[in-house]
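First residue of the sequence shown: 1, per UniProt numbering; consecutive thereafter.
C-beta: ideal position from N, C-alpha, C; glycine also.
See below for the structure under consideration.
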Amino acid sequence: MLLTASSLFGLLVAARAATISPIVFSGTPNPQLVIQEAALTNLQHHLRGCSSAGSLLGRTNVTVGYRGFWVEGAGNNTFVVRGCQPAEVLLLSILRPSISETVANYIRDEIARDHTGELDLPDMDDSAVETAANCSHQVGPDTVPTYNPSVDDHGCFVSHQSQNNCYNYGTDISTDTFAQPGRGSGHKWKANTCDAIRAAAESDGLQWQGTELPKGPPETGHYVALFIWPDTNFHWVRMDKTGFWSHKPGGTPVRNTDNNGQQIRDPSKSDFSPWSQFCGYMHVVPSVVQKNVGGERRSAATLRMESSAFEAPPAPSEGHRLRAATAEREASLERRRSQHEAQQAVLRTLAADSSTLQSAHQAQLEKKSAADAEAAELERELQMNVAEAARMALLRDRLGQLLVGPIAELRGDLQKLRCDAMEEVKEFQSFCNRRTAAVAKRLQEWQEMRSLQKEILHAECESQVMERDLAQCRSELASCESRCAVLRSAQQSKAMLTSRLVAAAAEALPPSPGLENLKARFTADGVLGDPVEALSELKKELDLGFLNAAVVAGEEETAALRAAEVSAASLAAARWAEEEAEATGELTDLEARQARLSGELRRRREEHRRRSAQRTRRKEELQQEAEHQEELLSRATEAAQSERAAATRLSEELRQAQQPPDAAAIAAAVEDATGHLRSQLHSLLAEVARLQQRFASQAETVEVRAARAHVVAAELAEESAARSAQQRTDLLRRRDKRRVEAECESVAKQEELSQSALHQAEQRLRDVEESQASELDAMRAERSQALRRHEEQLESLRRRRDATEQERSLLQHSISSIANVGEDVDVSVSRHEQAISPTRRRLLQLQRILLLVLFRVGVSGTILNLTEVYKYELLRLLRATLRSRHLCHSRAEK
Numbered sequence: 001m002l003l004t005a006s007s008l009f010g011l012l013v014a015a016r017a018a019t020i021s022p023i024v025f026s027g028t029p030n031p032q033l034v035i036q037e038a039a040l041t042n043l044q045h046h047l048r049g050c051s052s053a054g055s056l057l058g059r060t061n062v063t064v065g066y067r068g069f070w071v072e073g074a075g076n077n078t079f080v081v082r083g084c085q086p087a088e089v090l091l092l093s094i095l096r097p098s099i100s101e102t103v104a105n106y107i108r109d110e111i112a113r114d115h116t117g118e119l120d121l122p123d124m125d126d127s128a129v130e131t132a133a134n135c136s137h138q139v140g141p142d143t144v145p146t147y148n149p150s151v152d153d154h155g156c157f158v159s160h161q162s163q164n165n166c167y168n169y170g171t172d173i174s175t176d177t178f179a180q181p182g183r184g185s186g187h188k189w190k191a192n193t194c195d196a197i198r199a200a201a202e203s204d205g206l207q208w209q210g211t212e213l214p215k216g217p218p219e220t221g222h223y224v225a226l227f228i229w230p231d232t233n234f235h236w237v238r239m240d241k242t243g244f245w246s247h248k249p250g251g252t253p254v255r256n257t258d259n260n261g262q263q264i265r266d267p268s269k270s271d272f273s274p275w276s277q278f279c280g281y282m283h284v285v286p287s288v289v290q291k292n293v294g295g296e297r298r299s300a301a302t303l304r305m306e307s308s309a310f311e312a313p314p315a316p317s318e319g320h321r322l323r324a325a326t327a328e329r330e331a332s333l334e335r336r337r338s339q340h341e342a343q344q345a346v347l348r349t350l351a352a353d354s355s356t357l358q359s360a361h362q363a364q365l366e367k368k369s370a371a372d373a374e375a376a377e378l379e380r381e382l383q384m385n386v387a388e389a390a391r392m393a394l395l396r397d398r399l400g401q402l403l404v405g406p407i408a409e410l411r412g413d414l415q416k417l418r419c420d421a422m423e424e425v426k427e428f429q430s431f432c433n434r435r436t437a438a439v440a441k442r443l444q445e446w447q448e449m450r451s452l453q454k455e456i457l458h459a460e461c462e463s464q465v466m467e468r469d470l471a472q473c474r475s476e477l478a479s480c481e482s483r484c485a486v487l488r489s490a491q492q493s494k495a496m497l498t499s500r501l502v503a504a505a506a507e508a509l510p511p512s513p514g515l516e517n518l519k520a521r522f523t524a525d526g527v528l529g530d531p532v533e534a535l536s537e538l539k540k541e542l543d544l545g546f547l548n549a550a551v552v553a554g555e556e557e558t559a560a561l562r563a564a565e566v567s568a569a570s571l572a573a574a575r576w577a578e579e580e581a582e583a584t585g586e587l588t589d590l591e592a593r594q595a596r597l598s599g600e601l602r603r604r605r606e607e608h609r610r611r612s613a614q615r616t617r618r619k620e621e622l623q624q625e626a627e628h629q630e631e632l633l634s635r636a637t638e639a640a641q642s643e644r645a646a647a648t649r650l651s652e653e654l655r656q657a658q659q660p661p662d663a664a665a666i667a668a669a670v671e672d673a674t675g676h677l678r679s680q681l682h683s684l685l686a687e688v689a690r691l692q693q694r695f696a697s698q699a700e701t702v703e704v705r706a707a708r709a710h711v712v713a714a715e716l717a718e719e720s721a722a723r724s725a726q727q728r729t730d731l732l733r734r735r736d737k738r739r740v741e742a743e744c745e746s747v748a749k750q751e752e753l754s755q756s757a758l759h760q761a762e763q764r765l766r767d768v769e770e771s772q773a774s775e776l777d778a779m780r781a782e783r784s785q786a787l788r789r790h791e792e793q794l795e796s797l798r799r800r801r802d803a804t805e806q807e808r809s810l811l812q813h814s815i816s817s818i819a820n821v822g823e824d825v826d827v828s829v830s831r832h833e834q835a836i837s838p839t840r841r842r843l844l845q846l847q848r849i850l851l852l853v854l855f856r857v858g859v860s861g862t863i864l865n866l867t868e869v870y871k872y873e874l875l876r877l878l879r880a881t882l883r884s885r886h887l888c889h890s891r892a893e894k
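The structure is reproduced here in structure tokens:
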């Protein structure tokens with residue numbers, strides 16, 4: 001709630017005591033403390049100083065964490081102290097004994113941080129939604145909830161906003177008790193850690209889902225995310241039907257943004273500081289957990305005691321508070337006494353100065369006429385400045401009208417280029433996926449072919465062994481046949497000898513010469529000899545014939561054996577010669593193939609090193625170009641900020657010069673500031689009134705000093721805004737740098753994976769080439785086809801890049817034509833520049849600088865505008881353009 005200074009001071013003056021509470025926790029109630037009249041007086045003094053300096057109360061864009069101090073005054077009227085640093089420091093010092101050291105240090109750092117320029121996200125009023133529902137036990141449906149706080153649970157999260165916390169909103173159950181995990185089931189958490197809060201929530205019926213972001217909503221219920229402020233507090237975030245996430249920080253309104261004002265797509269990547277520890281996701285079904293979450297009932301005192309058990313030390317005792325109030329009162333009396341002494345010294349100094357002023361009054365009267373003439377001259381110059389300002393405003397409007405069309409066209413072209421780049425990236429990714437699938441399929445085919453070839457080689461080896469065994473068997477069979485032939489011939493000779501013997505016995509004459517002699521001898525006289533002698537002779541001849549026949553058969557068998565051995569040796573020698581020749585040929589082929597493969601491997605390694613060097617050089621060039629673009633952007637931003645600060649100062653001076661002095665308001669402020677000392681300073685006010693009447697002529701000097709003070713304040717505000725903008729720019733730059741580094745690392749990892757896959761493929765290719773030469777020829781043919789397709793794709797990418805460069809040159813040409821219009825305006829203005837006053841000449845110079853900044857500062861096809869919205873748009877377009885260039889170059893290199 002945002003109050004005016006008068007109503008806020010009225011609440012503090014009417015109250016003798018007030019309740020203060022820091023707005024910091026989310027899952028548990030915030031600690032509270034009652035302050036007395038002395039501390040209220042001191043708080044009123046600090047707030048009065050902030051009100052006179054133009055500070056606002058209750059403004060912040062932080063959704064979770066420290067959001068100010070909640071002060072409840074007379075009549076249950078409340079307001080938020082935020083943005084007044086002295087008052088916040090005072091309230092923190094009063095509340096310090098009631099909170100933990102971690103929370104106190106965090107609030108102190110947040111107070112010291114510069115919050116100038118933050119967006120205003122005021123809290124929603126509890127009375128904005130009227131509801132007749134029973135908000136002490138209101139359970140949502142078992143479907144994914146919709147982000148609509150005024151309707152969710154019949155509006156209980158709005159009408160009873162301060163009585164429900166993030167756990168109520170996360171489980172979609174309104175209890176008006178600041179629900180705690182595990183309290184309804186009797187297993188409340190004992191420490192602020194992920195494991196303890198998770199175990200307590202699981203006892204209520206929630207189900208753990210892990211740390212990965214859910215792909216979509218569940219069939220029943222919804223998802224929630226758990227965050228931890230280490231050793232201090234917890235916070236829950238709920239997933240809505242749209243896929244975005246929302247949350248309710250403590251007793252404050254429901255929001256769907258984080259501390260950066262961004263919608264929550266991925267809770268683990270959003271800013272919920274100081275809840276910096278992301279625990280994970282859980283599944284909630286309201287109808288299941290309502291008996292534990294919806295059934296708990298706790299009083300406000302019990303809630304306060306339970307929340308303080310782990311978040312802050314116990315509140316001080318009544319005696320301690322009385323001693324603190326007494327010390328504050330004594331300090332206040334001492335300050336009042338010192339202020340009174342200082343005012344007495346000022347009165348004495350004013351009395352001494354009054355005599356001096358009376359003597360100088362005559363000289364002032366003499367200078368009054370000269371001052372009146374100078375005032376008339378200043379009035380005329382002021383009128384000229386007003387007319388010049390009107391003309392400048394008219395020129396600014398015309399300039400804005402001229403810029404609307406080109407800026408819209410440029411944005412459309414940039415959006416189209418971004419869409420084209422994204423489409424190309426998608427096409428390239430799909431092409432890479434197809435190529436990867438094709439390579440995997442080809443490798444699988446090679447593996448199958450290799451296994452088949454191994455089986456074929458194994459079968460061939462077995463067939464060769466069988467052929468060798470068959471040849472050996474054939475040779476043994478031939479030797480056996482030769483021996484059988486010898487035996488058959490011997491058997492035949494024996495049969496013949498036997499037949500001869502039988503014939504000789506039958507004829508009584510053997511066919512041999514001995515037998516013939518014996519026959520001749522026996523039949524010489526025509527008479528046979530002695531039978532006994534003839535038989536013995538015949539027996540001897542037969543024995544001799546048998547012996548001769550055996551000798552002849554042995555000689556023939558020996559000759560046959562020798563011939564068989566000679567033929568077997570010749571066959572073995574021929575076979576060994578053939579095998580040696582075959583082995584020598586295979587060894588020669590293997591050596592030649594190994595030499596070719598070594599050359600191919602060296603060539604591929606050299607090509608890989610060359611491509612790596614090219615990628616390194618290209619990456620360095622892109623980094624240098626990005627640094628150059630960032631330097632140009634920072635220079636343009638600094639120039640724009642300086643020019644805007646100068647324009648703001650000039651406008652503030654003109655506005656202050658145009659406004660008449662408000663003497664009544666100054667007198668009322670002085671009277672209000674010195675109201676508690678009216679009785680003591682009545683005589684001094686009378687003297688001041690007389691002096692104001694006497695020295696009315698010095699009002700112009702006072703106005704000039706006030707104007708200077710306002711100008712200084714405006715400069716300080718602009719400097720603080722510039723610092724805030726610079727901090728945000730640095731933050732965005734660091735984020736972009738981290739993102740680019742992450743992308744580079746992922747690309748490097750992908751390259752390493754591709755290199756390892758390439759080495760494996762080359763190894764398999766070498767194995768296949770060693771086993772089959774024909775497969776190597778087919779692979780070379782396919783590789784040549786792939787190279788041709790790659791060259792065609794590179795050529796198409798080059799043609800697209802050339803088309804993009806042509807479109808960019810046309811865009812720059814259109815910008816240069818617009819800049820020529822600005823130069824014509826400069827020439828037309830410079831013709832009339834000699835007859836213009838110095839103030840108007842300065843304004844015209846500022847106008848030309850603005851034209852140059854608007855028309856001549858072009859960064860990668862974008863235009864820099866000096867407003868906050870266009871500045872952020874420029875940063876976004878610059879990042880998109882750099883990312884598109886990087887992707888295009890990476891694709892061209894691949």
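Beta-bridge pairing of residue i - partner residues as DSSP gives them
{"i": "residue 278", "result": "227"}
{"i": "residue 257", "result": "263"}
{"i": "residue 245", "result": "239 and 264"}
{"i": "residue 283", "result": "207 and 223"}
Residue i classed as buried or exposed, judged by whether at least 16 other C-beta atoms fall within 10 angstroms
{"i": "residue 230", "result": "exposed"}
{"i": "residue 127", "result": "For residue 127, the predicted structure reports a pLDDT of 42, less than 50, and the residue's modelled location is therefore unreliable. A value from the coordinates is still provided. Residue 127 should be labelled exposed."}
{"i": "residue 275", "result": "buried"}
{"i": "residue 433", "result": "exposed"}
{"i": "residue 458", "result": "exposed"}
{"i": "residue 417", "result": "buried"}
{"i": "residue 248", "result": "buried"}
Range covered by the beta strand (DSSP E) that runs through residue i
{"i": "residue 234", "result": "233-239"}
{"i": "residue 209", "result": "207-210"}
{"i": "residue 213", "result": "Unbroken run through residue 213: none, as it is neither H nor E."}
{"i": "residue 94", "result": "Not the beta strand (DSSP E): residue 94 falls in the alpha helix (DSSP H), residues 85-95."}
{"i": "residue 35", "result": "33-35"}
Own chain, CB closer than 8 angstroms to residue i, minus 5 neighbours either side, in chain order
{"i": "residue 212", "result": "281"}
{"i": "residue 214", "result": "223, 239 and 281"}
{"i": "residue 302", "result": "Because residue 302 sits at a pLDDT of 45, beneath the cut-off of 50, its placement in the model cannot be relied upon, and the point is left open."}
{"i": "residue 620", "result": "none"}
For residue i, the first and last residue of its enclosing alpha helix (DSSP H)
{"i": "residue 24", "result": "Here residue 24 belongs to no alpha helix (DSSP H), and DSSP marks it neither H nor E."}
{"i": "residue 98", "result": "Where residue 98 is concerned, there is no enclosing alpha helix (DSSP H), given that its DSSP letter is neither H nor E."}
{"i": "residue 198", "result": "194-204"}
{"i": "residue 156", "result": "156-159"}
{"i": "residue 170", "result": "166-171"}
Cβ-based neighbour list, residue i, same chain, cut-off 6 angstroms, excluding 5 preceding and 5 following
{"i": "residue 19", "result": "32, 34 and 72"}
{"i": "residue 163", "result": "176"}
{"i": "residue 110", "result": "66"}
{"i": "residue 92", "result": "107"}
{"i": "residue 299", "result": "At residue 299 the pLDDT is 44, less than 50, meaning the model places this residue with poor confidence and gives no usable figure here."}
Cβ-based neighbour list, residue i, same chain, cut-off 7 angstroms, excluding 5 preceding and 5 following
{"i": "residue 735", "result": "none"}
{"i": "residue 453", "result": "771 and 772"}
Contact the stretch 147-162 vs the stretch 183-192: 3+ CB pairs below 8 angstroms
no
The stretch 136-149 touching the stretch 239-250, judged by at least three CB pairs closer than 8 angstroms
yes
Would you check if the stretch 278-292 and the stretch 204-224 touch, i.e. whether three or more CB-CB distances between them fall below 8 angstroms?
Between the stretch 204-224 and the stretch 278-292 there are three or more C-beta pairs closer than 8 angstroms, enough to call the two in contact.
Is it a yes or a no for the stretch 560-576 touching the stretch 475-485, going by three-plus beta-carbon pairs under 8 angstroms?
Counting C-beta pairs closer than 8 angstroms gives three or more between the stretch 560-576 and the stretch 475-485, which meets the contact rule.
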